[in-house]
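These protein sequences, in sequence, are chains Y and V. Going by the numbering used here, the first residue of the first sequence is number 1, and it counts up by one from there. Going by the numbering used here, the first residue of the second sequence is number 10001, and it counts up by one from there. Think of the CB as a built atom: it goes at the ideal place given N, C-alpha and C, for glycine as much as any other residue. Remember, it's a predicted structure, so these values are computed and weren't measured experimentally.
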Amino acid sequence: MTRKLILLGLVVASQPALAGGFEAKTSRETLAAREVERPLILGKGWLEFGLGTDVKVATGEWSPAGEPVDWTDTTWLYTTESVRVRYGITRRDELYWDFNTHYVKLTNGNTDEPLTDFGLGDPHFGYRYEVFRSRAPLTSIVVLADYKAPLGNEAPGNYVGGPYTFSRVVMSTGTPDVTLGVRGKRQFGPVALTLGAAYVRRFSGIAQWAIETEYNQFNARVKPGDERVVDGSLLVQLGPVALDGGAVLRTRDAFKYGNSVEGPQPGAELKTWEGSDGWSLDSVFGLTFNATRGVDLVLGARVPLRGEDLQFWPLEDVQPTRGNTYSGTVEFRY
Amino acid sequence: MVRTKNTLFAAGAVLGVSMLARPAEAKFVFAYNHPDLQWYSIETEHFVIHYPVSKKTKDEGNEHYLTTEYSARKAAEVAEQMWEPMCSQFNYYLKERIHIVMLNQSDDLEGFTIPSWDWIEVSANPGGTFYRSRGRMEWFSDVLVHEFAHVVSLKANAAHAEGAMGVEIGGLYQDGIHDVDTGAQFFIMDGDSVFWTEGGAEYWSDNAGYNWWTASRDQNIRMTTLQDRLLGYNEWHSRAGKSRFWNDHERYYQQGYSFGQYLRQRFGDQAYAQFALEYAKRWRPQWETVIEDVVGVDAETLYWDWRNYITERYQRQYEKVKDRGEVVGHEVLGKRADWEFSDPAARDDWLKQPRWKREKAQEKTGTYQWEPRISPDGRYWGVLNRADIKIHRMDEDQMFEWTGHAPQDPKRADESRRLSTHFPADFEHGWDFIPGRDAIVLTGREDMMHRGEAVTGIRFEKDGYNWKQLWVFEMPTREKKEGNRTFETRERKRVLKGLNNHEVYPKGSYHAIPNTQRGSDPSVSPDGERVAYLEYTDGTMNLVTIKLDGTDKKYLTHFKSGEWLQTPDWSPDGKKIVFAIFKNHQQNLYTINADGTDLRAITWDHWEELDAHWDEDGGIYFSAEPDGIFNIYRYDTGTGEVRQITNVIGGAFTPQISPEGNLLYTYYTAFGWKVYALPKEEFLNLPADALFNTKDIPADEVARTIAYEEDLSHWAESTKKYSSTSLMAPTGVPMIRLENDSRSNVSLSAGFYIFLQDYVEKHGLYLMSLLGEDTLLMGQYFYQGWYPTLLATAYHYEVKYDAGYILDQDEDPNTTDDQQIFEIKNQQYYNIANLGGYYPWNADFSTGVYVSGMEAGFKGTSDDRWKRYLEEVEAGVWGEFSNNSWFYGSANPWFGRTVNLTLSHAWSDIVYADYGGVAVDDGQELDAYQYNKAEMRWTEDIPMPTLGGIPVLQTAQQKHHTIQVDLRLGAIDRNVDVWDEFRAGGQHPYYWGSGALRPNTQFAGYPAYSLSGETIGILGLAYRFPVANWINWKVGPLYTTGITAQFGGTAGNLWSFRPPSDPSQYYRSRYGERIAYDPGAVRREIPFVDKAYKNGNYLLYDAQAELRVSSVLFNGSGWDSFLRVAYGFNEIRGYGDVNGDDLYDTSENAYNDELSNETEKPGFRVYIGLGTGW
């Protein structure tokens, strides 16, 4: 087998000039070498693959009163493995797709064995349009639209016997979201300031994890609360390395549930889960290493600072737990 | 657990496995695979040229030996020479290398590029009509440079990144309550105007020095202008604008080219190219707005100014012709044409007709009538008309166009009609009478008279080659009796062969001349023994003679360097041959001795002399354009004197002189190439020596020119065997789709499809990914290196869907207070893997085999994992005959036949654990079973019959009124689970793609997939007609060209197996389904005799009406829309949510069977498609 692989390698290597279709196109836009000079869209003709992972370790939550609550004997490990594909469609806009999987481990004193699961998460896809750009120094302002599709596993599996007997971990709300936002980046020499604001409209839908209790075989309609997100960060470029730090403030409306009604708004008469609204303030830190124009390494950390929540379900997309998140991504560009 | 028996039948489920056995992308240029060819690649600085050479030589018995080495090397040379001049016009110097695939497998012209794939395909053989349209042959410049101009201009113009051809956005909302399905689809792409794309490619080629404005191009635009056929402002942006009339496709090129020259005069050389750079700055819905941004004048103002300018110019030219005395004769019609009116009333009658009618009438007399010939004995004349040689008796004194009066002798006229005949031929390139015999030699195709069609109507092609070849056809007569009279006639007997009424050519009356493959332009020697013709090989032609039996082949010339020859003709004494040679950018007439010696030029100038005819009177008649217009001239072989015979404003070609000295020739008009006759008394007959150099011919220069061979051997060093790692740039299309599976469950999914293949199309990969709540993943690999194309396809589809249930406490549907609605969300998936192969026997007929594995299953709230419901393996064969599939996407396919037949055998196993691994269907418990399935779909589009010539029907036929008959028959040989049964019901084209529903009329009055059974028999009838077919509306980026209406209806049903109705013969499952104690008690319903128990009807009927609007967006993105209203006359039952209200009625079954309580009442269904096609 080894010999075959080597031979195959030789064959490919002997024909590099003929693989012309993969040569860089003349029409591809120039891309700045350094993060501080890069706009908020990728640029026409560029295709980017980002392979990344987030690891969140939570041992507590925010209380409704805004106090940190530590769980006594529970640890929640929630990882996200993601592939992000970005494509610069024209000089002004880009499309992107995020494909996610999650590995989850719930260690709890009430169970003999930790509950672990691995499955698809919800993909996102979105569009960014650059409404303004100036160069040297860079100013880039984009508006964006993002859609989260409820693809991930939403079936709890065997649930008879209560929440500790679930055989699967739910990784999707089972409902879609649409985010509309605006982001701006302004360069000041080796420093860049980025600010963003977004509104997340979360639609209602029938969810497999929401089960009515009369017959125990039908599902309920749920609506996670709409969210508003503002964030800001400052980036400093030091040679090929860019360091950034900032904060993210997120506020969330209350969760709703119930049955569908006739008409164009089937979620119009859902009941509000009192106290389930909340907010969080996290600090974020990052390091970007611009290895080449085609390869970046991005490391990040997210540390919760303050928050207010009502934790009733370990579903990160509805009621996030309290814990640090560490991330690493390698971005390849062609 | 509520049992929801297969209530969801998503689009993926009905994607027939035989469809998966066909490639998602067919070959772009090759119709056939050619495993007999070895490909090579020449690498240059900016290009890679791939070319084929036969693996087996001629000496090894390969009768289709070919090499493309010279053509590829020449292409490499030209490509490198043109690279800089082309790129510099746009200041756009390509970093990527462009791959040029030289084709030589066929004798047809190809020139094709997909710029974003860095890919050009060009045929080494320019094939048929090219030189008639564009003039003297420099095919590498005219085609290769043209295509490269596209590459540079469209890359420079691309507002979208090259990796994405556009973005597809669409959605379909199916309102099951109101029975309205509404779909919309947009393909957002770059939308350059066609006049600029094609005309620009000509113009930039000219600027680059490899192309020029020939007299043939000028002829096209001159006559188009003078005869009022210029494409209008709205029409010239899009190919949909006006490409249904003769030569409109060529007008896009020449009008755009002419417009470029006009802009050059007003705004300088660079203006045309600047449009590209301006557009690339930002995408805009109307490309033409860049014109004003670049030159400061809006596009429409410029169009009209250009139009006025060329009109004035050509009118002045026409005045000059008339001042000298126009000598043109008349079209051979046997009468004066309506447009040759001679009084005001006739003129008014003519002009009051709408423009399209006048254009149609003028085209109707023939559009491609070329190469008239007169037999040496003067008894026949004939013409090649669209691949059909028509032979007529010729009595010169009866010829209206020569005599000026109608035929006087009705007996001879009748005899002439009976003795006229016709023969199949290639589209052009010559034919000739055989002196002393009632026979002709013509340029045909190898497979032209294939025997395979005798049984099936289907011609089989075994190797993909169908080269030109010379044929001999006799013109035998037979006796035919009509009443008491017996006639001599050449009318052939007709028999029904296969599906068509065919003429029978008498045995032994025709044969291909052996050893004449790739031969054309035959001319028979005066003694009738030999034929002189032109033989093509590797971008070059040579003059050859051969005996009529294919022996004693002699090459009179030995060219190897791209020389192009034209129309040989023998001298009356049979000692010499006259012909034209195009070499070193110059085309002149030459003579050569019949033994190949003494090649000498008889003209030596820069005009394009062609179509030489050596007449008995010692003159060589030919066509040339020394004053910019092709006219007929006579060269006196004795004195070298030249006299002008015609003086036309169009163009005069292919002269033939009758025994009486009259002229028959081809005349170019804006309505086609016509046969014209000119009596000798009207010949212009003016000296034209000053225009031609016939007497002072520099023999040394001629000899040097003829002997010159360009040294291209240096390209050998950079040639290597082709490698399939030579992959094209992958291209994808991002997609966003919005769909619903219930009233409130609307899901958005997004993804893309990607296409990747190597440059000579041996290996291809098609990937599709749509992720969202509903997810579709598909991958298809196809291998085209062997005769059948091999395909491997994998397909994953999963969907989440909501369903509502009414729980009725008292099980009485009439009391509603105790009813509660609950909802449930489930998931369903399909995995399909398919291996298949298919082979196109010819352009109309393909067959294939496949083996396919499928599994499908569910996942509910309490399921840890997916649960498989069904496992199935299916193997089958299919065949498809379609002679009109090419225009099935059009609003009105007005003729043709499409027949699909699929035969399969399947092994199915129900494995759903929740049901104990069995399913109940039609009173029978099913576990693992096998079945055979046969299905046929036959669609016939019939031009409106005239019923013996009823005027109103004749008008309807002329306007393309069409009757469509659609028959679908199928049977499964046992009771199967409903998943395996046939399905029927109305369809929206959004799921399938424009034109994919062939046709779209079947049971549109019933919900999609609502009908099922093991036997299917449905007959659809429709009547379709254009309401307005040339409406030319342009509103912003939307251009609408036509509206078509269709009325029709469907009758038929699906029949199944019926459980026993006697309670003693069955028991009920825990879900209430009947199960027969004895499976033999389950009876198959007899089609058309039994009432189908699943839908409660003997036959179902519907009626429907549809309006289709043909449009394009952004000049090139098809945006065909429709509104269809259908009425289903029958109330139907079935499984699950029959009435489409998203609620499953689970109360006690009122019918005491396992079907739903719900019924779909008779009523209207509405389908709306905006940009979805039909």
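Is residue i close to chain Y? Criterion is C-beta to C-beta, closer than 8 angstroms.
i: H10558 (chain V); result: no
i: E11158 (chain V); result: no
i: L10727 (chain V); result: yes
i: N10745 (chain V); result: yes
i: Y11178 (chain V); result: Nothing can be reported for residue 11178 (chain V): it is not among the residues displayed for chain V, which extend from 10001 to 11174.
i: T10861 (chain V); result: yes
i: W10283 (chain V); result: yes
Can you tell me whether residue i is buried or exposed? The criterion is at least 16 other CB atoms within 10 Å of its CB, across all chains shown.
i: S10193 (chain V); result: buried
i: G9 (chain Y); result: Residue confidence is low: G9 (chain Y) scores 34 on pLDDT, short of 50, so the model does not pin down where it sits. No coordinate-derived value is stated.
i: W10304 (chain V); result: exposed
i: R10968 (chain V); result: buried
i: E9981 (chain V); result: Because residue 9981 (chain V) is not part of the residues shown, which for chain V are 10001 to 11174, the question remains open.
i: Q11104 (chain V); result: buried
i: Q10757 (chain V); result: buried
i: T10225 (chain V); result: buried
i: W10786 (chain V); result: exposed
i: N10588 (chain V); result: buried
i: T10646 (chain V); result: buried
i: R252 (chain Y); result: buried
Out of the options, state which residue places its alpha-carbon closest to the alpha-carbon of residue i.
i: Y10722 (chain V); options: V:V10101, V:T10057 and V:Y10092; result: V:V10101
i: N11115 (chain V); options: V:M10735, V:G10241 and V:Y10505; result: V:G10241
i: T79 (chain Y); options: Y:G189, Y:R133, Y:D54 and Y:P156; result: Y:D54
i: L10094 (chain V); options: Y:G152, Y:A24 and Y:Y103; result: Y:A24
i: M10475 (chain V); options: V:I10513, V:I10434 and V:T10591; result: V:I10434
i: N10883 (chain V); options: V:V10899, V:S10890 and V:E10871; result: V:V10899
i: P10035 (chain V); options: V:N10220, V:P10626 and V:G10464; result: V:G10464
i: T10902 (chain V); options: V:Y11135, V:E10363 and V:M10936; result: V:M10936
i: N11097 (chain V); options: V:S11121, V:S11111, V:W11055 and V:E11106; result: V:W11055
i: E10710 (chain V); options: V:D11102, V:A10075, V:G10061 and V:N10062; result: V:A10075
i: G10232 (chain V); options: V:H10099, V:S10216 and V:F10259; result: V:F10259
Of all Cβ atoms in chain V, is any one closer than 8 angstroms to the Cβ of residue i?
i: I41 (chain Y); result: no
i: I141 (chain Y); result: no
i: G45 (chain Y); result: yes
i: E212 (chain Y); result: yes
i: S260 (chain Y); result: yes
i: G323 (chain Y); result: no
Heavy atom of the ligand ATP less than 7 angstroms from the Cβ of residue i, yes or no?
i: Y10318 (chain V); result: What this structure holds is no ligand at all, so the ligand ATP is not there to describe.
Inter-stretch contact (C-beta, 8 angstroms, three-pair minimum) for the segment 10027–10046 of chain V and the segment 10395–10412 of chain V: Between the segment 10027–10046 of chain V and the segment 10395–10412 of chain V there are fewer than three C-beta pairs closer than 8 angstroms, too few to call the two in contact.
Members of the segment 10157–10175 of chain V near chain Y, C-beta cut-off 8 angstroms: So the close ones are A10158, A10159, H10160, A10161, E10162, G10163, A10164 and V10167.
Cβ contact check for the segment 10155–10169 of chain V and the segment 10204–10215 of chain V: 3 or more pairs under 8 angstroms: The answer is no - the segment 10204–10215 of chain V does not touch the segment 10155–10169 of chain V, with fewer than three Cβ pairs under 8 angstroms.
Residues of the segment 113–139 of chain Y with Cβ closer than 8 angstroms to any Cβ of chain V, in chain order: The segment 113–139 of chain Y vs chain V, Cβ under 8 angstroms: P123 and F125.
Contact set between the segment 10813–10831 of chain V and chain Y, restricted to residues whose Cβ is under 7 angstroms from the partner: Per Cβ criterion, the list reads F10822, E10823, I10824 and K10825.
Stretch pair the segment 10632–10645 of chain V + the segment 10614–10622 of chain V: three plus CB contacts closer than 8 angstroms: The segment 10632–10645 of chain V is in contact with the segment 10614–10622 of chain V.
The segment 10958–10977 of chain V / the segment 11024–11038 of chain V touching (three or more Cβ pairs under 8 angstroms): Yes: at least three Cβ pairs fall under 8 angstroms.
Cβ-based contacts, 8 angstroms cut-off: residues of the segment 10674–10689 of chain V near chain Y: For the segment 10674–10689 of chain V, the set of residues with a beta-carbon nearer than 8 angstroms to any beta-carbon of chain Y is empty.
Sufficient close CB pairs (3 or more, under 8 angstroms) joining the segment 187–201 of chain Y to the segment 29–42 of chain Y: The segment 187–201 of chain Y vs the segment 29–42 of chain Y: in contact.
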